[in-house]
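**Student:** Have a look at the structure that comes next, please.
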Amino acid sequence: MAVADVTLELAPSFSYWQMVWTRFRKHKLAMFGAAIILFMFFACFIGYPIYAHFTGNAYVGQDLSYRYQLPTASHWFGTDDLGRDVVARILYGGRISILVGFISAITSVILGSLIGVVSGYFGGWIDEALMRFTDVMMSLPYIPLYLVLAMAFGPGFWTLVGIFIAFGWMGDARLVRGVVLSLKNMEFVEAARAVGASNWRIMLRHLLLNSMAPIIVSTTLMMGGNIVSEAALSYLGLGIQPPMPSWGNILQTAAEYIFAPGNGPLLIFYPGFFIFITVLSFNFMGDGLRDALDPRLKI
Amino acid sequence: MFTYIMRRFLQMIPILILISILTFLLLRLAGPDPAEYMIMANPRIHLEDVLREKIRLGLVDASGKPLPLYIQYFHWLKQIMQGEWGWSRIWPSQTAFGAITLFLPNSLILMGFSLLISLIIAIPIGIYSALKQYSSFDYAFTTLSFLGMSLPTFWLGLMSIIIFHLIPSRLLGFPLFPAGDIMSFGKPYQGLFYDRVWHLFLPTMVLAIFNMATWTRYMRSSLLEVIRADYVRTARAKGLPENKVIYKHALRNALIPMVTILTLSIPGLFGGAVITETVFAYPGVGRMLYQAVLGHDYAVAMTDILFLAVVTIIFNLVADIMYAVVDPRIRYS
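Protein chains in written order, with the numbering used here: chain Y, 44 to 342; chain H, 357 to 689.
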């Protein structure tokens, strides 16, 4: 008897990342956040030179006869206490703020994941030592220590990045350790070991890759958080130092001249608004990613 | 339980020692030694006086040779243990400890009020959002809490100064709320209470908004989780009125995680106070730390950081204990 022709109706198959994208796209606020972040990124890194070229407003160009000018056609956000164009300063300062957020968040997540995966995989005294250290780091009063650290190492870009890395990795270390503990006795790890995979290969390719979902979400949220922390420290005068602008120190200078006539109060509004919108977008995006990457995830 | 608490207390000691070493080294690295400031402050000071001060601070030995850092640290630790906190440099005739007791009440008042206000507002909103999940009220407040969580405190503070102080005083001729400090200059004594409340309003609200936003979300998700639990279904099945189901069975259990979150947020309030108090020139422990660090007032900065560290660690411990107290299923040994 001949085998009947059977045609199987296969549902179209999607890869994991396609599914993530489909779910992420449905989250309107997260899409809005992602769009704003992309816009900020392009505006600051590509938009600034274009803007400076066509309008002739650079972030350093002072004009003391045009202080505190209200917004005009040539200066969209007006001018600051030294007659500098505020749009140019916000765009250039955004580079610094975004860079601090990106570099410190990504580095501390990498550091935290490595500590977490080593701690969870090896267990024993390594785990005990690393986790006690994590506990100690987590019980430090971090904002006061930021002040002292910034003072001791001299405030600046790399000091800030270093501080945020030093105090940013603990959450991820615990997160990744938890995932690793729940996965390391599963069959696929055993199978990998059976075919002769090294410890490092198992840790990096099998365990770490499986904890990507919480790692990505926490990186996103941390980028926003670090941008605020940068601004807070710069606002206290212990972050990015003038003449290099950042959203925080533009706000700091503006706060000193809050009672100035003309553009004075608006000078406070602009940088803070950009910080707010960027952080909000990161938070929205983090929320959307959490739902998209793993609907059961709770962090 | 008792042994657990004792063990946790003993665990506090190495953490405190670590923090003290860390801050001591950092503050010594941060600038010239404290005695140099005596010379800067008074150019006609006798060098013998400077040397005597350096010996007293444990920076040099009797012959004027600088001592190694670890001996300086032990010298400092010994003095702290004996209750000698050192004299403040920027608050004349105050010991470091005296400076903290001077500013701490102000900080406690500010934090107490803002905690109270954020609780009074956040918990009902959280409950209502959870009960009416996916309603327009829920969506509105979820979005609002996202906005509140993303608002940088210092910007919110500055904007509130502009909106409630600067603009009214330019348009109306008088401010709706003061821009900072805790009382008006030269006010008659009988008006003091209202004057202080008036000055507290803006900093309290600014400090409250972040907690309000986070706690609304926590309250909502905590209640949502409990409402789906089996014992709530049982309560409904046996015919209890909805009121009783929610407020007696669901809410009580939903408040358990809130206790921990609340306790854990207190150290954060102390830390965050550095920024809020600086924005509003509010004389509390946070602004004091900022001024001490910038003004190289080592004695005060060290004492303040140790104080904040103790607060952080104690509230972490209290959070763990409270968790067991409110939830009998959790036992520590």
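For each residue, glycine too, the CB sits at the ideal point set by N, CA and C.
Check the Cβ-Cβ distances between Ala209(Y) and every residue of chain H, and say whether any is below 8 Å.
**Tutor:** Here the question's residue 209(Y) lines up with position 166 in the first sequence. Cβ-Cβ to chain H under 8 Å: no for Ala209(Y).
**Student:** Is the Cβ of Phe380(H) closer than 8 Å to any Cβ of chain Y?
**Tutor:** Position 24 of the second sequence, counting from 1, holds the residue named residue 380(H). Phe380(H) does not count as touching chain Y.
**Student:** Name the DSSP beta bridge partners of Trp443(H), please?
**Tutor:** Position 87 of the second sequence, counted from the start, is the residue given in the question as residue 443(H). Beta-bridge pairing links Trp443(H) to Thr451(H).
**Student:** Apart from the five residues just before and just after Ile565(H), which ones in its own chain have a Cβ nearer than 7 Å to its Cβ?
**Tutor:** The residue labelled residue 565(H) in the question sits at position 209 within the second sequence. Counting only Cβ-Cβ distances below 7 Å, and skipping sequence neighbours, we find Gly504, Leu507, Leu512.
**Student:** Just to confirm before moving on: does the CB-CB distance between Gly442(H) and Gln428(H) stay below 8 Å?
**Tutor:** In the second sequence, residue 442(H) corresponds to position 86, counting from 1. In the second sequence, residue 428(H) corresponds to position 72, counting from 1. Cβ distance not < 8 Å, so Gly442(H) and Gln428(H) don't count as in contact.
**Student:** Which value, in whole angstroms, describes the spacing of the CA atoms of Tyr102(Y) and Pro285(Y)?
**Tutor:** As a first step, residue 102(Y) must be located in the first sequence, where it is residue number 59. As a first step, residue 285(Y) must be located in the first sequence, where it is residue number 242. Distance between the alpha carbons of Tyr102(Y) and Pro285(Y): 11 Å.
**Student:** Would you report the Cα separation of Leu641(H) and Phe459(H), rounded to the nearest angstrom?
**Tutor:** On the second sequence, position 285 is the one that residue 641(H) refers to. On the second sequence, position 103 is the one that residue 459(H) refers to. A small fix is needed here, since residue 641(H) is Val in this sequence, not Leu. Each residue's alpha carbon lies about 5 Å from the other.
**Student:** So what's Pro534(H) in DSSP terms, helix, strand or just coil?
**Tutor:** Sequence index remark: in the second sequence, residue 534(H) carries index 178 (1-based). In this structure, DSSP gives Pro534(H) a state outside helix and strand, which the three-state scheme calls coil.
**Student:** Report, in whole angstroms, the separation of the C-beta atoms of Gly163(Y) and Val219(Y), which I expect to be a contact under 8 Å.
**Tutor:** Against the first sequence, residue 163(Y) aligns to sequence position 120. Against the first sequence, residue 219(Y) aligns to sequence position 176. Right, their Cβ atoms sit about 7 Å apart.
**Student:** State the beta-bridge partners of Thr122(Y) as determined by DSSP.
**Tutor:** Indexing the first sequence from 1 puts residue 122(Y) at position 79. In the DSSP output, where bridge partners are listed per residue, Thr122(Y) has Asp128(Y).
**Student:** Whose Cβ in chain Y lies nearer than 7 Å to the Cβ of Asn672(H)?
**Tutor:** One-based indexing of the second sequence puts residue 672(H) at position 316. What Asn672(H) touches in chain Y: Ser182.
**Student:** Can you give me the C-alpha to C-alpha distance between Ala347(Y) and Thr451(H), rounded to a whole angstrom?
**Tutor:** Chain Y is shown from 44 up to 342; residue 347(Y) falls before or after that span and cannot be answered.
**Student:** Which bits of chain Y does Ala418(H) rub up against, with CB to CB less than 7 Å?
**Tutor:** In the second sequence, counting from the first residue as 1, residue 418(H) sits at position 62. The premise fails here: Ala418(H) is roughly 29 Å from chain Y at the closest Cβ pair, so nothing lies under 7 Å.
**Student:** Using 10 angstroms around the beta-carbon of Asp537(H), count the other beta-carbons present and answer buried if the total reaches 16, otherwise exposed.
**Tutor:** Position 181 of the second sequence, counted from the start, is the residue given in the question as residue 537(H). Asp537(H) is exposed by the Cβ-count criterion.
**Student:** Could you give the distance in angstroms between the alpha-carbon of Trp201(Y) and the alpha-carbon of Tyr135(Y)?
**Tutor:** Within the first sequence, residue 201(Y) is the residue found at index 158, counting from 1. Within the first sequence, residue 135(Y) is the residue found at index 92, counting from 1. Answer to the nearest angstrom: the Cα atoms are 17 Å apart.
**Student:** Could you please tell me which residues of the segment 478 to 504 of chain H, in chain order, have their CB closer than 9 Å to any CB of chain Y?
**Tutor:** Thr499, Phe502, Leu503
**Student:** Inspect the beta-carbon positions of His652(H) and Tyr484(H) and report whether they are closer than 8 Å.
**Tutor:** Counted from its first residue, the second sequence places residue 652(H) at position 296. Counted from its first residue, the second sequence places residue 484(H) at position 128. Going by C-beta atoms, His652(H) is not nearer than 8 Å to Tyr484(H).
**Student:** Would you give the residue range spanned by the alpha helix (DSSP H) that Phe327(Y) belongs to?
**Tutor:** Position 284 of the first sequence, counted from the first residue, corresponds to residue 327(Y). Per DSSP, Phe327(Y) belongs to the alpha helix (DSSP H) from 307 to 336.
**Student:** What residue does the alpha helix (DSSP H) around Arg552(H) start on, and which one ends it?
**Tutor:** The residue labelled residue 552(H) in the question sits at position 196 within the second sequence. Residues 548 to 583.
**Student:** Since I believe Ala274(Y) is in contact with Trp290(Y) (beta carbons under 8 Å), could you give me their beta-carbon distance rounded to a whole number of angstroms?
**Tutor:** As a working note, residue 290(Y) is residue 247 in the first sequence. As a working note, residue 274(Y) is residue 231 in the first sequence. Between Ala274(Y) and Trp290(Y) the Cβ distance is about 5 Å, and since that is below 8 Å, they are a contact.
**Student:** Classify Pro480(H) as helix, strand or coil using the three-state DSSP reduction.
**Tutor:** Along the second sequence, read from residue 1 onward, the residue named residue 480(H) stands at position 124. Pro480(H): helix per DSSP, three-state reduction.
**Student:** Please classify Gly333(Y) as buried or exposed, where buried requires at least 16 neighbouring CB atoms within 10 angstroms.
**Tutor:** Translated into positions along the first sequence, residue 333(Y) becomes position 290. For the record, residue 333(Y) in the displayed sequence is Arg; it is not Gly. Answer is buried; the Cβ neighbour count reaches 16.
**Student:** Just to confirm my understanding: we take Ile703(H), look at its own chain, exclude 5 residues before and 5 after, and list those with CB closer than 6 Å. What are they?
**Tutor:** An answer regarding residue 703(H) cannot be provided, because it is not within the stretch 357 to 689 covered by chain H.
**Student:** Taking Met355(Y) as the query, report the chain H residues whose CB atoms sit under 9 Å from its CB, ordered along the chain.
**Tutor:** Residue 355(Y) cannot be examined here, being either before or after the span of chain Y that is shown, 44 to 342.
**Student:** Got a sec? Which residues, its chain only, sit under 7 Å from Ser474(H) by beta carbon, not counting five neighbours each side?
**Tutor:** By one-based count along the second sequence, residue 474(H) stands at place 118. The answer, listed in chain order, is Ala564, Asn567, Met568, Trp571.
**Student:** Could you tell me which chain Y residues have their CB closer than 9 Å to the CB of Pro623(H), listed as they occur along the chain?
**Tutor:** Looking up residue 623(H) in the second sequence gives position 267. The answer, in chain order, is Ser182, Pro184.
**Student:** Considering only DSSP beta bridges, list what Val776(H) is partnered with.
**Tutor:** Only positions 357 to 689 of chain H appear in the structure, and residue 776(H) is not among them; the question remains open.
**Student:** Are Ile436(H) and Ser182(Y) touching if we call contact CB-CB under 8 Å?
**Tutor:** What you label residue 436(H) is simply residue 80 of the second sequence in a count that begins at 1. What you label residue 182(Y) is simply residue 139 of the first sequence in a count that begins at 1. No, Cβ-Cβ distance for Ile436(H) and Ser182(Y) is not below 8 Å.
**Student:** Would the beta-carbon of Gly155(Y) fall within 8 Å of that of Gly214(Y)?
**Tutor:** Stepping through the first sequence from its first residue, residue 155(Y) is reached at position 112. Stepping through the first sequence from its first residue, residue 214(Y) is reached at position 171. Contact: yes.
**Student:** Go ahead and label Ile89(Y) buried or exposed: buried means 16 or more other beta carbons lie within 10 angstroms of its beta carbon, across all protein chains shown.
**Tutor:** Position 46 of the first sequence, counted from the start, is the residue given in the question as residue 89(Y). With fewer than 16 other Cβ atoms within 10 Å, it is exposed.
**Student:** Applying the 10 Å Cβ sphere with the 16-neighbour rule, what's the burial state of Pro480(H)?
**Tutor:** On the second sequence, position 124 is the one that residue 480(H) refers to. Counting Cβ neighbours within 10 Å, Pro480(H) comes out exposed, since fewer than 16 surround it.
**Student:** Mapping DSSP to helix, strand and coil, what is Val635(H)?
**Tutor:** The count along the second sequence starts at 1 and reaches residue 635(H) at position 279. Helix at Val635(H).
**Student:** When we look at the beta-carbon of Ile283(Y) and count the other beta-carbons within 10 Å, is it buried (16 or more) or exposed?
**Tutor:** In the first sequence, counting from the first residue as 1, residue 283(Y) sits at position 240. Within a 10 Å sphere around the beta-carbon of Ile283(Y) sit 16 or more other beta-carbons, which makes this residue buried.
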